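Chains as they are written, first to last, in the numbering used here: chain A, 2 to 127; chain B, 2 to 286. Working notes, beginning with the structure itself.
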Amino acid sequence: MPSCLIIDDSRLVRQVSRRIVEDLGFTCGEAEDGKHAYEVCEEFMPDLIIVDWNMPVMSGLEFVEKLRAMEGGDHPKVIFCTTEDNLGHIERALRAGATEYIMKPFNRDMIQSKLIQIGMMRNEVA
Amino acid sequence: MRLGDFEVYRDILLQESGVDINPEKTYLLESRLTPIVTKWGYPTIESMTLALRAVPDPELIHDVVQAMTSNETWFFREPQNYVTLGKYVIPYLVKQRKRKKSVRLWSAGCSTGQEAWCMALTAREALLEHKHWKVELLATDISNESLEYAERGIYNQHEAQNETSIRQLIKYFEQSRMGWNVKDELKTGVSFENSNLLHETEDFGRFDAIFCCNVINEFSPEARAKALDNLAYHLEDDGFLFLGSEDKWVDDTGLFTTLPGHPHVLILSDGDYKMTDFPVTGSPE
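Set out below in structure tokens:
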């Protein structure tokens with residue numbers, strides 16, 4: 002079973018995302034900011050990371066930059082999931098090494114179709 | 002609704018859109034027609050039916066057909082078709098159209114335009130390394146409202162980002178207060194026309210690839226045969242007809258045969274294909 006780390010400072014968003022991603026067949030871990038997520042990745046590098054932009058301590062952008070510099074840090078597919086919806090933010094995220102980008106609000110279908118697009122799920126008719 | 006009244010709508014739909022509706026769907030008909038009754042100021046559906054039996058206003062017929070047919074679509078619906086277009090059909094056409102250096106595509110039944118834009122986008126991406134090649138795309142539908150929406154090319158954030166990769170989104174769309182607008186660069190060479198696959202239409206010329214996805218699946222067998230004949234007429238001798246996953250009907254016209262390995266892509270039975278030029282490496286998703 003592929004693994005996923007969900008990084009968001011809102012417990013509610015983590016819960017919602019977790020339910021969706023687990024339902025789609027992933028095992029899930031959580032972190033409430035970039036620094037905590039970095040520590041988790043040092044212990045265990047997940048296959049997929051869903052990360053918010055604005056968080057205390059360490060932002061999602063800084064986390065992704067640091068992640069990509071880590072040993073094995075090029076392995077996870079990274080999806081930003083954020084309210085930041087302008088072109089500048091999207092371009093910065095892609096430059097930092099994001100695989101995909103979801104502008105909130107999001108739902109199950111959106112996460113599922115992004116996972117299919119980036120090859121983390123097969124396109125099966127539900 | 003009385004059966005006699007139902008038949009009025011059934012006939013109109015069959016004539017205008019080729020779709021044959023089942024009397025069991027009367028309830029659906031009533032709920033979809035109610036907004037049209039209100040719009041035209043008829044007191045009841047029955048009075049609108051009377052008007053339709055007499056000398057109906059073509060605009061009223063247009064509205065009725067529009068209300069009764071599905072126009073649901075989204076970006077990259079039928080994803081396998083875009084893979085086939087980009088990885089197989091365009092590379093094949095690059096070999097066959099060296100002199101012309103252009104490909105002609107048709108989105109037949111384009112609804113609100115997502116299919117047309119995705120075709121244009123896929124063709125452009127596939128031609129990136131082939132300088133000076135042009136993409137010409139015609140998109141047609143029977144609904145003026147859908148065509149206006151399609152041509153405007155403005156989609157809300159939810160529609161735009163759902164099935165589009167973020168890189169495609171920022172490359173071919175620009176952000177506006179309305180949502181995401183198709184960039185002029187992608188609009189070049191794309192045109193929209195009101196046209197009905199079942200009517201005698203102007204001759205649009207011949208196309209290298211036609212997408213007609215989930216359009217004729219609800220057609221009566223006669224209407225379907227007519228539409229297929231029309232599509233075959235507009236296809237180059239080595240052109241490709243792409244269908245949707247809901248198109249589960251059997252083609253008894255004999256005009257087409259399936260492209261080996263691509264069940265949703267039809268080629269002309271009496272066509273002239275250089276199969277040896279068709280890319281064989283890899284397989285579609």
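By construction, the Cβ of each residue, glycine as well, lies at the ideal position given by its N, Cα and C atoms. Predicted model, so just to flag it, every value in this text is computed and none were measured.
Query                                                                                                                          : Result
Nearest neighbour of Glu-160 of chain B, chosen from B:Leu-128, B:Asp-12 and B:Phe-174 [CA to CA]                              : B:Phe-174
Touching by the beta-carbon criterion (3+ pairs, under 8 Å), the stretch 112-125 of chain A and the stretch 203-214 of chain B : no
Neighbourhood of Asn-108 of chain A by C-beta, 6 Å cutoff - its chain only, sequence neighbours within 5 removed               : none
DSSP bridge partner residues for Thr-28 of chain A (one or two, in chain order)                                                : A:Ser-4
Closest residue to Asn-55 of chain A among A:Asp-34, A:Val-41 and A:Pro-47 (Cα-Cα distance)                                    : A:Asp-34
Cβ shell of Leu-4 of chain B (< 6 Å), same chain only, five flanking positions each side left out                              : none
Contact list for Glu-164 of chain B against chain A, beta-carbon separation under 8 Å                                          : Ser-114 and Gln-118
Residue environment, Phe-241 of chain B, which counts as buried when at least 16 other CB atoms sit within 10 Å                : buried
Residue burial classification, Thr-259 of chain B (beta-carbon count within 10 angstroms, cutoff 16)                           : exposed
Whole-angstrom distance between Leu-86 of chain B and His-131 of chain B, CA atom to CA atom                                   : 16 Å
C-beta contact flag for Glu-126 of chain B and Val-104 of chain B at 9 Å                                                       : no
Contact check, Leu-170 of chain B vs Trp-181 of chain B, beta carbons under 9 Å                                                : yes
Proximity test, Cβ basis, 9 Å: Glu-130 of chain B and chain A                                                                  : no
Whether Ile-62 of chain B touches Glu-8 of chain B by CB criterion (9 Å)                                                       : no
Chain A residues whose Cβ lies nearer than 7 Å to that of Pro-80 of chain B                                                    : Asn-124
Expected contact under 8 Å - CB spacing of Tyr-212 of chain B and Asn-82 of chain B to nearest Å                               : For the record, residue 212 of chain B in the displayed sequence is Phe; it is not Tyr. At roughly 7 Å, the Cβ-Cβ gap stays under 8 Å, so Phe-212 of chain B and Asn-82 of chain B are in contact.
Beta-carbon proximity of Ala-151 of chain B to Gly-19 of chain B, cut-off 9 Å                                                  : no
Expected contact under 8 Å - CB spacing of Gly-190 of chain B and Lys-275 of chain B to nearest Å                              : Actually they do not touch by this definition, with Cβ atoms about 25 Å apart.
9 Å Cβ cutoff, Ala-99 of chain A in contact with chain B                                                                       : yes
Within-9 Å CB hit, Leu-95 of chain A to chain B                                                                                : yes
Test: Asp-9 of chain A CB closer than 9 Å to a CB of chain B                                                                   : no
Distance cut-off 8 Å: Ala-117 of chain B Cβ against heavy atoms of the ligand HEM                                              : Annotation note on the ligand HEM: not contained in the displayed structure, which lists no ligands.
Partners in chain B for Ile-91 of chain A, counting only beta-carbon separations shorter than 7 Å                              : Ile-167 and Ile-171
Burial state of Glu-286 of chain B, where buried means 16 or more other Cβ atoms lie within 10 Å                               : Here the model assigns Glu-286 of chain B a pLDDT of 43, short of 50, so the residue's position is not dependable and the matter cannot be decided.
Contacts that Ile-51 of chain A makes with chain B (C-beta to C-beta distance below 7 Å)                                       : Within 7 Å Cβ-Cβ: nothing; Ile-51 of chain A doesn't reach chain B, min ~14 Å.
CB contact below 9 Å: Gln-115 of chain B versus chain A                                                                        : no
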